[in-house]
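Visitor: So the mapping is simple: this note's numbering equals the position in the sequence shown, first residue as 1, plus 39. All residues carry an ideal CB built from backbone N, CA and C; glycine is no exception. Since this is a predicted model, take the numbers as computed values, not measurements. Below is one structure. I have some questions about it.
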Amino acid sequence: MGSIRNKKITGLIQKELASIFRYETGNNGLLISVIRVHLSSDLSSAKIYLSIFSQKKENRKILQEIIDKHLYYKHLLGQRIRNQIRKIPELNFRIEDTLDYIENIERELLVERNF
40 MGSIRNKKIT GLIQKELASI FRYETGNNGL LISVIRVHLS SDLSSAKIYL
90 SIFSQKKENR KILQEIIDKH LYYKHLLGQR IRNQIRKIPE LNFRIEDTLD
140 YIENIERELL VERNF
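Structural data, given as structure tokens:
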């Protein structure tokens with residue numbers, strides 16, 4: 040029973056954070072996607088995996104800005120989902136680097152084929 044609730048809350052957090060980032064970034068050449076959310080079993084903390092596409096800044100700098108403003112994002116999230124969940128979990132933001140890892144492997148394979 041708890042896992043069904045966990046999945047629902049995870050989906051809700053992912054959807055609402057994606058909406059928050061879409062609104063916050065506006066039209067300034069920055070795209071932040073919420074790739075996945077891992078929620079602890081007691082709903083006290085959430086790992087938020089982001090994919091960041093920017094024309095101007097390095098992804099790590101953008102992630103650091105998001106981490107610095109995590110309480111602000113927690114507040115915005117709380118305003119949106121306060122009727123569905125009693126306590127808003129702590130938000131731990133991370134960069135989803137699986138795609139970068141796959142791209143590096145593909146590049147290495149292409150280099151090996153050319154030799």
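For the putative contact between Val76 and Ile59, defined by C-beta atoms under 8 Å, what is the C-beta separation to the nearest angstrom?
Guide: About 13 Å; that fails the 8 Å criterion.
Visitor: Using three-state DSSP, classify Leu78 as helix, strand or coil.
Guide: It is a strand residue.
Visitor: Is the Cβ-Cβ distance between Leu89 and Glu135 less than 8 Å?
Guide: Cβ distance < 8 Å, so Leu89 and Glu135 count as in contact.
Visitor: Where does Ile43 land, buried or exposed, given buried means 16+ other C-beta within 10 angstroms?
Guide: So Ile43 counts as exposed.
Visitor: Report the residue from Gln94, Gly50, Asn66 whose alpha carbon sits nearest the alpha carbon of Val73.
Guide: That would be Gly50, whose Cα lies nearest to the Cα of Val73.
Visitor: When the distance is taken between beta carbons, is Asn45 closer than 8 Å to Ser80?
Guide: Their beta carbons are under 8 Å apart, which means Ser80 touches Asn45 by this criterion.
Visitor: How is Ile106 classed by DSSP in three states: helix, strand or coil?
Guide: Three-state result, Ile106: helix.
Visitor: For Tyr140, count neighbouring Cβ atoms within 10 angstroms of its own Cβ and tell me buried if that reaches 16, exposed if not.
Guide: With fewer than 16 other Cβ atoms within 10 Å, it is exposed.
Visitor: Would you report the Cα separation of Leu115 and Asn98, rounded to the nearest angstrom?
Guide: One C-alpha to the other measures close to 22 Å.
Visitor: Apart from the five residues just before and just after Ile52, which ones in its own chain have a Cβ nearer than 8 Å to its Cβ?
Guide: The answer, listed in chain order, is Val76, Leu78, Ala85, Ile87, Leu116, Ile120, Pro128.
Visitor: Got a sec, what are the start and stop residues for the alpha helix (DSSP H) Asn131 sits in?
Guide: Run containing Asn131: none in the alpha helix (DSSP H); it sits in the beta strand (DSSP E), 129 to 134.
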